[in-house]
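Chemist:
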Amino acid sequence: MSIRLTALAAALMLAGSVHAAGPIKVGFVSTLSGPGAGLGVDIRDGFNLGMQHLGGKLGGLPAEVLIADDQQNPDVAKQATDRFLKRDKVDFMTGIVFSNIMLAVGPAVFQNQTFYISANAGPSQYAGEQCNPFFFNVAWQNDNLHEAVGKVVQDKGFKNVMIVTPNYPGGKDAVSGFKRFYKGKTEEMYTKLGQLDYAAELAQIRAAKPDALFFFLPGGMGINFVKQFVAAGLSRDTQLFAPGFSADEDVIKAVGEPMMGMFNSSHWAHDMDNAENKRFVADFQKTYGRLPSLYASQGYDAALMMDAAVRDVKGNVADKKALQKALEAKRFKSVRGEFKFNSNHYPVQNYYLRAIGKDAQGRVTNKTMGTIFTNHADAYAAQCKMK
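Below, the structure is given as structure tokens:
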């Protein structure tokens, strides 16, 4: 009798802890169609590989990942987010690529007190005055990779730089970041988000004759721009620079040899020499048949971050304060090596210079050339008054 009562008591205790019984639910909303699809697909594939390495569990508990395509449309993203929050009652959200979409869905996520682990979008608003305890960015703040390129271009002594970027929040952050460290002459050119034909812009570039060009054109935008830029013969007189996400393996695969000779910045590279990264890169290639991009590395880290936090709170994700502290503690080993979270929940980390060339296998790919910044924080953290 006593054994039965003990078993019953144990069962009641487990029943009373809904979250401990699982599953842990993740709402994954990302751009999986259209010109920006390659970015969302890489984040998704990286996240799924992380889940595979974790045995399909988060913190040792069964996990369910619900996936929706935002079609690079803020309204579609808001509808999917509302569904995941209200109907599915997810414990975490992640996946968004573009900052304008992140800014559109953020208020609903934060009001619902659901933790958002950004595997990409890092708008300046959420790093500064609109920082929120329920928002964590496991990638970077939008300006950071552009800041790193600005420093490189400044150090290399280029005097006349053209900047090409889309006219949306991420594009504005790109210009701000680049000009924070580059102090020479600049001319800015803003395109439509999703634009694929650059005939007019190339004509302006030819007329301006810059000695260097810095561009941030995510996804298919950057692929088309580089192809058209090189085909127009402009690469003979103008050195190309880009942040890592406009010169990563997804773009290189689509463009090929015209990418050679480009410089770019990144917080991660597939040739980084640590055990976690070697396993990630090898298994990503084995699973998906291609080299991972930084987007994939960020998706992978997002899964590991959730896992560590759920484990820290012993599955009790309903305890929001404890879960926040567990996320802030960052008890997982990132594929990029060591980093920490700043007071605004954005990373403090190293940024590296990469150059595109051919490796020993004859592949056109990135090679890490050196460190640009060490333990670099974003410029907005001081504006964050986390409540």
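Throughout the sequence shown, residue numbering follows mature numbering (1 follows the signal peptide of the UniProt record, and there is no 0), covering -20 to -1, 1 to 367 in sequence. Ideal Cβ positions, reconstructed from N, Cα and C, are used throughout, including at glycine.
Using 8 Å as the cut-off, can you tell me whether the segment 39 to 55 makes contact with the segment 275 to 294, which would need three or more C-beta pairs spanning the two stretches below that distance?
Modeler: Cβ pair count under 8 Å is three or more, so yes.
Chemist: With the cut-off set at 9 Å, would you say N80 and G102 are in Cβ contact?
Modeler: no
Chemist: For V45 and V6, which I take to be in contact (beta-carbon distance under 8 Å), what is that distance rounded to the nearest angstrom?
Modeler: 5 Å
Chemist: Below 9 Å between beta carbons: does that hold for A357 and H247?
Modeler: no
Chemist: Assign A227 to buried or exposed, taking buried as 16 or more other Cβ atoms, counted over all protein chains shown, within 10 Å of its Cβ.
Modeler: buried
Chemist: Helix, strand or coil: which one does DSSP assign to I76?
Modeler: In this structure, I76 counts as coil in the three-state DSSP scheme.
Chemist: To the nearest angstrom, how far is it from the Cα of K367 to the Cα of K347?
Modeler: 41 Å
Chemist: Express the C-alpha separation of L65 and A49 in angstroms, rounding to a whole number.
Modeler: In the sequence under discussion, the amino acid at residue 49 is Asp, which differs from the Ala named in the question. Cα to Cα, the separation comes out at about 16 Å.
Chemist: Grab me the residues of K313's own chain with a C-beta within less than 7 Å of its C-beta, minus the 5 sequence neighbours each way, in chain order.
Modeler: E256
Chemist: Is it the case that the segment 229 to 245 contacts the segment 332 to 351, given that we only count it when at least three CB pairs across the two stretches are under 8 Å?
Modeler: Because the criterion of three Cβ pairs below 8 Å is met, the segment 332 to 351 and the segment 229 to 245 touch.
Chemist: Could you tell me the alpha carbon to alpha carbon distance between K139 and D62, rounded to whole angstroms?
Modeler: 48 Å
Chemist: So, helix, strand or coil for E109, using DSSP?
Modeler: DSSP places E109 in coil when its eight states are reduced to three.
Chemist: Identify whether T171 lies in helix, strand or coil by the three-state DSSP scheme.
Modeler: strand
Chemist: Hey, how far is the Cα of Y170 from the Cα of P146?
Modeler: Between the C-alpha atoms of Y170 and P146 there is a straight-line separation of about 5 Å.
Chemist: Ends of the beta strand (DSSP E) at D22?
Modeler: Where D22 is concerned, there is no enclosing beta strand (DSSP E), although the alpha helix (DSSP H) it sits in stretches over A17 to H33.
Chemist: At 3 residues or longer, and completely inside the segment 92 to 156: list those beta strand (DSSP E) runs for me, N to C.
Modeler: 95 to 98, 115 to 117 and 140 to 146
Chemist: Any chance the segment 296 to 311 sits against the segment 319 to 327, with 3 or more Cβ pairs inside 8 Å?
Modeler: yes
Chemist: Count Cβ pairs between the segment 130 to 144 and the segment 182 to 192 that sit closer than 8 Å; are there 3 or more?
Modeler: Yes, since at least three Cβ pairs between the segment 130 to 144 and the segment 182 to 192 fall closer than 8 Å, the two stretches touch.
Chemist: From the DSSP output, which residues share a beta bridge with T354?
Modeler: Beta-bridge pairing links T354 to no other residue.
Chemist: What distance in whole Å lies between the Cβ atoms of Q208 and Y178, which are believed to be in contact at a cut-off of 8 Å?
Modeler: 5 Å
Chemist: In angstroms, rounded to a whole number, what distance separates the CA positions of D263 and A99?
Modeler: Take the alpha-carbon of D263 and the one of A99: they are about 19 Å apart.
Chemist: Hey, quick one: how far does the beta strand (DSSP E) through D49 stretch, first residue to last?
Modeler: L41 to D49
Chemist: Is the beta carbon of G108 closer than 9 Å to that of C364?
Modeler: yes
Chemist: Hey, which unbroken runs of the alpha helix (DSSP H) at 4 residues or more fall wholly within the segment 266 to 337?
Modeler: 274 to 292 and 300 to 309
Chemist: Which residues bound the alpha helix (DSSP H) around G202?
Modeler: It spans G200 to A211 - the alpha helix (DSSP H) in which G202 sits, taken as one unbroken run.
Chemist: Of the choices N28, G213, P113 and D253, whose alpha-carbon is the least far from that of A306?
Modeler: P113
Chemist: Could you check if A276 is buried or exposed, using at least 16 other CB atoms within 10 Å of its CB as the buried criterion?
Modeler: buried
Chemist: Who are the near neighbours of P15 in its chain, counting only those whose CB is closer than 8 Å to its CB and skipping five residues on each side?
Modeler: Q52, G174, L176, G199, G200 and M201
Chemist: Alpha carbon to alpha carbon, what distance is there between S10 and V56?
Modeler: 10 Å
Chemist: Starting from K365, trace the alpha helix (DSSP H) in both directions and tell me its first and last residue.
Modeler: No alpha helix (DSSP H) contains K365, which DSSP labels as neither H nor E.
Chemist: Going by other Cβ atoms of all chains shown within 10 Å of its Cβ, with 16 needed for buried, is P87 buried or exposed?
Modeler: With fewer than 16 Cβ atoms within 10 Å of its Cβ, P87 is classed as exposed.
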